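Below is one structure, written out as structure tokens, with a few remarks after it.
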Amino acid sequence: VLHYRACLHALWGWAVLEEIIEVNVVTRIKVPKGERLAPEHLSESEVRALLDACRHGQENARRDFAAVLLLLDTGIRASELCGLTRDRWDMEASRIKVKGKGRKERYLALSPLTAKAVWDYEAKERPRSPYKELFLSKKATPLQPDALESMLARRSKQAKIRHVYPHMLRHTFACTFTRAGGPLHALQSLLGHSTPHQSLWYGQFAGREVEEAHREYSPVERLNLRIGREKRKK
Numbered sequence: 007v008l009h010y011r012a013c014l015h016a017l018w019g020w021a022v023l024e025e026i027i028e029v030n031v032v033t034r035i036k037v038p039k040g041e042r043l044a045p046e047h048l049s050e051s052e053v054r055a056l057l058d059a060c061r062h063g064q065e066n067a068r069r070d071f072a073a074v075l076l077l078l079d080t081g082i083r084a085s086e087l088c089g090l091t092r093d094r095w096d097m098e099a100s101r102i103k104v105k106g107k108g109r110k111e112r113y114l115a116l117s118p119l120t121a122k123a124v125w126d127y128e129a130k131e132r133p134r135s136p137y138k139e140l141f142l143s144k145k146a147t148p149l150q151p152d153a154l155e156s157m158l159a160r161r162s163k164q165a166k167i168r169h170v171y172p173h174m175l176r177h178t179f180a181c182t183f184t185r186a187g188g189p190l191h192a193l194q195s196l197l198g199h200s201t202p203h204q205s206l207w208y209g210q211f212a213g214r215e216v217e218e219a220h221r222e223y224s225p226v227e228r229l230n231l232r233i234g235r236e237k238r239k240k
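Position one of the sequence shown corresponds to residue 7 (my numbering), numbered consecutively onward.
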């Protein structure tokens with residue numbers, strides 16, 4: 007029974023992280039303490055490898071580079087990136103207006119590098135098209151979420167890293183944000199979560215990383231001291 011409850015708890019926890027549901031309804035079930043499901047995210051070296059693969063690609067290099075930077079910089083969903091229109095990209099203010107779940111809108115600031123990459127794609131590579139979406143396919147039609155997923159799979163293979171999917175970049179943004187000390191209430195707003203439950207998962211994960219870092223770099227542990235009196239040599 008305990009094993010069943012633990013599996014159920016992990017399953018619902020995964021559903022919260024992947025935003026399939028908003029609240030983990032089995033959090034009140036008491037289960038043995040153990041490892042919680044951690045968000046699957048990329049390391050810094052994997053991020054750099056993925057961006058290099060996009061930048062040096064033979065086709066749609068500027069688009070893919072800008073799209074990956076935008077996902078990493080804001081944590082937006084694949085559907086939000088694909089639905090982003092040119093009029094919602096404010097170049098002067100370096101921000102975007104995102105329409106999320108439930109048609110809720112939020113403004114997200116972009117870093118100078120991301121803003122420059124988006125401008126570079128729009129000015130130099132984006133094909134002329136009657137469509138208002140910012141990111142387009144090779145046929146000058148709006149980029150679809152499944153095409154975005156295929157692009158990331160292809161680029162991650164070229165980068166020789168593990169398989170990357172859009173939501174992994176959302177997890178990477180959230181984990182990096184919390185590790186850097188970003189407040190959870192701000193993370194909830196940035197990710198467009200209607201409740202704090204999903205954002206709290208990232209905070210709990212960051213807390214474990216802090217504990218692990220302390221165990222590894224503890225000043226006391228590095229002294230290699232022994233507890234108890236040592237026997238004096240005669």
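Don't be surprised by glycine CBs; every beta carbon is placed ideally from N, CA and C. Just so you know, these numbers come straight off a predicted model, no measurement behind them.
{"query": "Measuring alpha carbon to alpha carbon, tell me which of 74, 143, 50 and 51 ends up nearest residue 61.", "result": "74"}
{"query": "Could you pull out every residue in the same chain whose Cβ sits closer than 6 angstroms to the Cβ of residue 126, ignoring the five residues on either side in sequence?", "result": "68"}
{"query": "Can you grab the Cα-Cα spacing for the pair residue 132 / residue 230, in whole Å?", "result": "59 angstroms"}
{"query": "Just to confirm the assignment, what range does the alpha helix (DSSP H) spanning residue 103 have?", "result": "Taken as a continuous stretch (DSSP letters only), residue 103 belongs to no alpha helix (DSSP H), being part of the beta strand (DSSP E) at 101 to 105."}
{"query": "When the Cα of residue 54 is compared with those of 167, 200, 185 and 122, which residue comes out closest?", "result": "167"}
{"query": "Using the rule of at least 16 other Cβ atoms within 10 Å of the residue's Cβ for burial, across every protein chain shown, is residue 1 buried or exposed?", "result": "Because the chain here runs from 7 to 240, residue 1 falls outside it and cannot be looked at."}
{"query": "To the nearest angstrom, how far is the alpha carbon of residue 59 from that of residue 192?", "result": "31 angstroms"}
{"query": "Do you know how far the Cα of residue 92 is from the Cα of residue 142?", "result": "11 angstroms"}
{"query": "Answer with buried or exposed for residue 47, where buried requires no fewer than 16 other C-beta atoms within 10 angstroms of its C-beta.", "result": "buried"}
{"query": "Please classify residue 119: is it buried, with 16 or more other beta-carbons within 10 angstroms of its beta-carbon, or exposed?", "result": "exposed"}
{"query": "Span of the beta strand (DSSP E) holding residue 115?", "result": "111 to 115"}
{"query": "Short of 8 angstroms in beta carbon distance, which residues of its chain neighbour residue 155, apart from the five on each side in sequence? Order them along the chain.", "result": "84, 171 and 172"}
{"query": "Three-state secondary structure (DSSP) at residue 91?", "result": "strand"}
{"query": "In angstroms, rounded to a whole number, what distance separates the CA positions of residue 38 and residue 79?", "result": "Since pLDDT at residue 38 reaches only 48, below the 50 mark, its modelled position is unreliable, and no value is offered."}
{"query": "The alpha helix (DSSP H) spanning residue 147 covers which residue range?", "result": "Neither: residue 147 is in no alpha helix (DSSP H) and is coded neither H nor E."}
{"query": "Quick check: residue 200 and residue 138, are their CB atoms within less than 9 angstroms of each other?", "result": "no"}
{"query": "For residue 139, which of helix, strand or coil comes out of DSSP?", "result": "strand"}
{"query": "Under a three-way DSSP split, which group does residue 108 fall into?", "result": "helix"}
{"query": "Using a Cβ-Cβ cut-off of 6 angstroms (strictly less than) and excluding sequence neighbours within five positions of residue 100, which residues of its own chain qualify?", "result": "116 and 121"}
{"query": "If we call anything under 9 angstroms between Cβ atoms a contact, is residue 124 one with residue 149?", "result": "no"}
{"query": "Applying the criterion that 16 or more other CB atoms from any shown protein chain within 10 Å of the CB defines a buried residue, is residue 40 buried or exposed?", "result": "The pLDDT assigned to residue 40 is 48, lower than 50, so where the model puts this residue is not dependable; a value taken from the coordinates is nonetheless given after this. Residue 40 should be labelled exposed."}
{"query": "Suppose contacts are defined by Cβ-Cβ distances below 9 angstroms. Is residue 113 in contact with residue 103 by that definition?", "result": "yes"}
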